[in-house]
Every structure is written in C-alpha cells, then in structure tokens.
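>
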Amino acid sequence: MSESILDWESIVHKNVRSNDYQDAGNVDAINSDSVIIASHGDRKEYSIPKSQIEGYNGAEVFLKFSIDELESYKI
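The numbering of the sequence shown is my numbering, which starts it at 146 and goes up by one.
1. Please specify which runs of the beta strand (DSSP E), each continuous and at least 3 residues long, are wholly inside the segment 159-200, giving them in chain order.
2. Could you please give me the residues that DSSP links to residue 219 through a beta bridge?
3. Cβ atoms of residue 192 and residue 179: under 7 Å apart, would you say?
4. Closer than 7 Å by C-beta to residue 218: which residues in its own chain qualify, once you throw out the five before and the five after it? Chain order, please.
5. Between 177, 150, 169 and 174, which lies nearest to residue 187 when the distance is taken from Cα to Cα?
6. Residue 166: buried (16+ other C-beta within 10 angstroms of its C-beta) or exposed?
7. Could you check if residue 215 is buried or exposed, using at least 16 other CB atoms within 10 Å of its CB as the buried criterion?
Dropping the structure here:
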C-alpha cells in the first residue's frame, strides 16, 4: 500500500493513480498547498490539494478520489 508523503519534492515526475486505479497523469510541480498533475496525451493540468493525496508507494502517487472526479480540479 502507500505511505504518507513527507518529502513532497520526491514525487515530482511520478505517475499518479486515482483511488479506482486509473492513470491520472504525472506530478508536474509542487505548490505550498497543492500538487500540479499533467495528464498524458491531452496534457490537461489539474491542481490537487495536498489533502486529497492518499499517499505514495515509492513508484506511484495515489489520490483519494476516482478518475471521474479529476475533472473538477482542472486548471
């Protein structure tokens, strides 16, 4: 499973998955209170509050919500 994130910079460029295990993109940047994710292909960007990040397993970052909810975070 995934661990909570202590070093936010360590997840930059890591793959992101929703809580239903769908590919959501890659971490593009870290802000003070959010994580910027860029999707594959269409290159949409999303600003995800750090509170909505479930954790990190060393290879992938997991969100607390489903892929269908991702669109509400589009920037």
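Virtual Cβ for every residue (Gly too), placed ideally from N, Cα, C.
So, from the data block:
1. The DSSP assignment places complete beta strand (DSSP E) segments of no fewer than 3 residues inside the segment 159-200 at 160-162, 168-175, 179-183 and 190-194, in order along the chain.
2. Against the sequence shown, residue 219 aligns to sequence position 74. Residue 219 is bridged to 191.
3. Position 34 of the sequence shown, counting from 1, holds the residue named residue 179. Position 47 of the sequence shown, counting from 1, holds the residue named residue 192. Their beta carbons are under 7 Å apart, which means residue 179 touches residue 192 by this criterion.
4. Numbered from its first residue, the sequence shown carries residue 218 at position 73. Non-local C-beta neighbours of residue 218 in its own chain, meaning closer than 7 Å and more than five positions away in sequence, comprise 191, 192 and 193, ordered along the chain.
5. Here the question's residue 187 lines up with position 42 in the sequence shown. With distances taken between Cα atoms, residue 187 lies closest to 169.
6. Taking the first residue of the sequence shown as position 1, residue 166 is located at position 21. Label assigned to residue 166: exposed.
7. Taking the sequence shown and counting its residues from 1, the one referred to as residue 215 is at position 70. Burial call: buried.
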